[in-house]
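Participant:
Numbering (our numbering), first residue to last: 22 to 618.
1) Beta carbon of residue 226, beta carbon of residue 279: below 8 Å?
2) Taking only runs of the beta strand (DSSP E) that begin and end inside the region 30–89, which ones reach a length of at least 3 residues, in chain order?
3) Here's the rule: buried if 16 or more other CB atoms are within 10 angstroms of the residue's CB, otherwise exposed. What is residue 563?
4) Distance check for residue 508 and residue 593, CA to CA, integer angstroms please.
5) With a CB to CB cut of under 7 Å and the five nearest residues on each side skipped, what residues in its chain are close to residue 269?
6) With a threshold of 8 Å between beta-carbons, can residue 161 be considered close to chain C, or not?
7) Below 8 Å on the Cβ atoms is my guess for residue 561 versus residue 500; work out the distance and round it to an integer in Å.
8) Name the DSSP beta bridge partners of residue 24, please?
9) Around the C-beta of residue 141, are 16 or more other C-beta atoms found within 10 angstroms, so that it is buried, or is it exposed?
10) Given this structure, state the Cα-to-Cα distance separating residue 69 from residue 47, to the nearest angstrom.
11) How is the alpha helix (DSSP H) around residue 221 delimited, first residue to last?
12) Determine whether the beta carbon atoms of residue 310 and residue 130 lie at a separation below 8 Å.
13) Determine the contact status of residue 314 and residue 116, defining contact as a CB-CB distance below 8 Å.
14) Please work out which residues of its chain come closer than 7 Å, Cβ to Cβ, to residue 134, disregarding the five sequence neighbours upstream and downstream, and give them in chain order.
15) In whole angstroms, what separates the C-alpha of residue 34 from that of residue 94?
16) Where does residue 277 land, buried or exposed, given buried means 16+ other C-beta within 10 angstroms?
17) If you run the structure through DSSP and keep just helix, strand and coil, what is residue 164?
18) Are the CB atoms of residue 168 and residue 307 nearer to each other than 8 Å?
19) Is DSSP giving residue 139 helix, strand or coil here?
20) What's the gap between the Cα of residue 598 and the Cα of residue 586?
21) Beta-carbon separation of residue 510 and residue 617 under 8 Å?
22) Looking at the unbroken beta strand (DSSP E) that takes in residue 540, where does it start and where does it end?
23) Using the rule of at least 16 other Cβ atoms within 10 Å of the residue's Cβ for burial, across every protein chain shown, is residue 211 buried or exposed?
24) Measuring alpha carbon to alpha carbon, tell me which of 121, 543 and 156 ends up nearest residue 521.
25) Taking 8 Å as the cut-off, does the region 100–118 touch the region 145–159 (at least 3 CB pairs, one atom from each stretch)?
26) Using a threshold of 8 Å, state whether the C-beta atoms of residue 264 and residue 285 are closer than that.
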């Protein structure tokens, strides 16, 4: 939590604001309290969104749907103003940690606690699905742990953002890649079975402490694994493992329903008995949850109510009857916007995960010199050895995998914007970047022995395979065979046979040690990311050239690898050139290139 700033209101509707919980794409989230003492989370919509008619309509619709959710183990919407100048929504709040925070601080839950949590969440999904709704984003940060049971939060309000024209054109997709169902990763609508898949991933995380499809890897890799690989469930045995595997079936029809899942998780009936009565959490975790609730009661607002802007909205029926306040629903509003939830221990918040993950679009370029390498932040300290072993088992081509996954849904979604990180439990990311609407070509000519190193234009932000900026040695005789000079182009594939886009090279004459080649790596389609590189000649023979490449320009920040110290071109008998690259982050792409000029 953060103290209220000078620009934060002190009252919204009938709620006195105490602290700021966080902020995200939709707006700011505050901890508030009614005159009667009820604690709530209040989300105040950003002004520019409030002026968007499409957003207003969708926000109104999603709030109305969320108001219907009031079953056990869910977080209700208590109040809202969808028509005022500054729309807002209030949900119940409880000082219970998110599942991800609890696992991080206390380790995996014991099997009985996992089963009990699963029963509660299955009941919540049964209720939600019975209303004709689908959650679409079940993940550890949307599961809050209270003394009497779990609470499932986020029932769609954040999806009102989908209605805004600007965000839709940028291709925002709700979901978290490590817990997203295959059909969601494939750009298809989410149904009830999608929630079951995500719940299975949550159960695996709770029981093992790691995400079933890996951590510390790029979004593209996670999506590929969700679509094509089996989960890693090391340490999960017996009937619980079988239940989780069934939930994680690639075919939605093969997954159990929430009712069936509940029955299998509670075969002996003990989980149902424990729900609502306490004692289901490990003692140390339960003690901290209790202390968090006490700290919440002691929390007071700002001493100077006039320190910020005036009240927002008209007072509403803030003390209307509703679900019990203690333990109450989650420490995050129903829509699950990135916000702070109390940690287990000191009331110091951590960030809930960003809602928006880049959905796959059409083809991310790879190839020589500079290739996409989409790697947001990683989760520190979680099973690094296991993840390393998995990477060695399948040294994924970041770029190639991205191209495969993106091609599945780009036609439907268009471009994307990125707002988030790979470690949703601990990272607060509010900045947004968008893919450009077009791709640029090679902007500098290849150098020659007389011209030296070309201008690099906008400096690249990625690291280079070389130790530093290229330097031009004293000009020597050109050693590049005439048969290699000119423009070459070809389609690349990774060492796993995945498409890796088109590589275009412009090769000039030079001595060894000089940069004489420019590269452009791109794919066509709605999503166009271009990686431009410069190559330094390391050796030349009548049949082979070897280069070290570096990144010069990326059309999307962070989307290209830094380069390679072993780009090899080998002349073939039919006049083509065989290209190979020692660039593991890009999947060691290779391909046949033909003269294009």
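Backbone N, C-alpha and C fix where the C-beta goes; we use that ideal spot for every residue, glycine too.
Facilitator: Short version:
1) Against the chain shown, residue 226 aligns to sequence position 205. Against the chain shown, residue 279 aligns to sequence position 258. No, Cβ-Cβ distance for residue 226 and residue 279 is not below 8 Å.
2) If one requires a minimum length of 3 residues, the beta strand (DSSP E) runs lying completely within the region 30–89 are 36–44, 48–54 and 60–66, in chain order.
3) Residue 563 sits at position 542 when you count from the first residue of the chain shown. By the neighbour-count rule (16 or more Cβ atoms within 10 Å), residue 563 is not buried but exposed.
4) By 1-based counting over the chain shown, the position of residue 593 is 572. By 1-based counting over the chain shown, the position of residue 508 is 487. Rounded to the nearest angstrom, the two C-alpha atoms are 16 Å apart.
5) Counted from its first residue, the chain shown places residue 269 at position 248. Correct list, in chain order: 218, 221, 222, 233 and 252.
6) Absence of chain C from the displayed structure is noted, only one protein chain being present.
7) Position 540 of the chain shown, counted from the first residue, corresponds to residue 561. Position 479 of the chain shown, counted from the first residue, corresponds to residue 500. With 8 Å as the limit, residue 561 and residue 500 qualify as a contact, their Cβ atoms being about 4 Å apart.
8) Taking the first residue of the chain shown as 1, we reach residue 24 at position 3. None, per the DSSP bridge assignment.
9) The count along the chain shown starts at 1 and reaches residue 141 at position 120. Under this definition residue 141 is a buried residue.
10) Mapped onto the chain shown, residue 69 falls at position 48. Mapped onto the chain shown, residue 47 falls at position 26. Whole-angstrom Cα-Cα distance: 10 Å.
11) To locate residue 221, count along the chain shown from 1; it is residue 200. Here the alpha helix (DSSP H) through residue 221 covers 213–229.
12) Position 289 of the chain shown, counted from the first residue, corresponds to residue 310. Position 109 of the chain shown, counted from the first residue, corresponds to residue 130. For residue 310 and residue 130, no; Cβs fall outside 8 Å.
13) Counting from one through the chain shown, the residue named residue 314 turns up at place 293. Counting from one through the chain shown, the residue named residue 116 turns up at place 95. Yes, they are a contact pair.
14) The count along the chain shown starts at 1 and reaches residue 134 at position 113. Excluding residues within five positions, the ones whose Cβ falls inside 7 Å are 301, 302 and 303.
15) In the chain shown, the residue the question calls residue 34 occupies position 13. In the chain shown, the residue the question calls residue 94 occupies position 73. Each residue's Cα considered, the two are about 26 Å apart.
16) Position 256 of the chain shown, counting from 1, holds the residue named residue 277. Buried.
17) Stepping through the chain shown from its first residue, residue 164 is reached at position 143. The three-state secondary structure of residue 164, taken from DSSP, is strand.
18) Walking along the chain shown from the start, residue 168 turns up at place 147. Walking along the chain shown from the start, residue 307 turns up at place 286. Closer than 8 Å, so yes.
19) Numbered from 1 along the chain shown, position 118 holds the residue referred to as residue 139. Of the three classes helix, strand and coil, the one that applies to residue 139 here is helix, per DSSP.
20) Here residue 598 corresponds to residue number 577 of the chain shown, with the count starting at 1. Here residue 586 corresponds to residue number 565 of the chain shown, with the count starting at 1. Going by the C-alpha atoms only, they are around 19 Å apart.
21) As a position in the chain shown, residue 510 is number 489, starting the count at 1. As a position in the chain shown, residue 617 is number 596, starting the count at 1. Annotated as proximal: residue 510 and residue 617, with beta-carbon spacing under 8 Å.
22) Here residue 540 refers to the residue found at position 519 when the chain shown is read from its first residue. 536–543 is the span of the beta strand (DSSP E), which, as asked, contains residue 540.
23) On the chain shown, residue 211 is found 190 positions in, with the first residue counted as 1. Result: buried.
24) For the purposes of this step, residue 521 is identified with residue 500 of the chain shown, where counting begins at 1. That would be 543, whose Cα lies nearest to the Cα of residue 521.
25) no
26) In the chain shown, residue 264 corresponds to position 243, counting from 1. In the chain shown, residue 285 corresponds to position 264, counting from 1. Yes, these two residues count as a Cβ contact at 8 Å.
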